[in-house]
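Trainee:
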Amino acid sequence: MTDKKPENLKRRGFLLAAGIGGAGAVAAVAVGVGKETAKPVSTVTAEDKTGSYSETRHISNYYRTARV
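If you want the working numbering, it's the position in the sequence shown, counting the first as 1, plus 136.
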């Protein structure tokens with residue numbers, strides 16, 4: 137029997153490289169390359185919140201139009 141060699145080795149090599157490259161990209165994203173750490177959430181105390189509400193013109197307009 138004669139051994140027949142495949143003719144399209146370039147195309148097969150490209151597909152193999154694309155598959156390996158895609159797997160590497162997925163692995164890099166899964167690991168989180170260049171990912172920053174999460175920053176802690178700041179909490180607002182009651183002292184900071186006092187005086188934060190002020191009735192502005194558009195709020196007064198809403199109150200006026202929402203009356204039944």
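Heads up, the beta-carbon is just placed ideally off N, CA and C, and yes, glycines get one too.
Is Glu-191 helix, strand or coil by DSSP?
Mentor: It is coil, neither helix nor strand.
Trainee: Grouping DSSP H, G and I as helix and E and B as strand, with all else coil, what is Ser-196?
Mentor: Note: Ser-196 maps to helix in three-state DSSP.
Trainee: Ala-153 to Val-180, Cα distance in whole Å?
Mentor: Cα-Cα distance, rounded: 53 Å.
Trainee: In the DSSP assignment, find the unbroken alpha helix (DSSP H) run with Arg-148 in it and report its ends.
Mentor: From DSSP, the alpha helix (DSSP H) with Arg-148 extends over 145 to 167.
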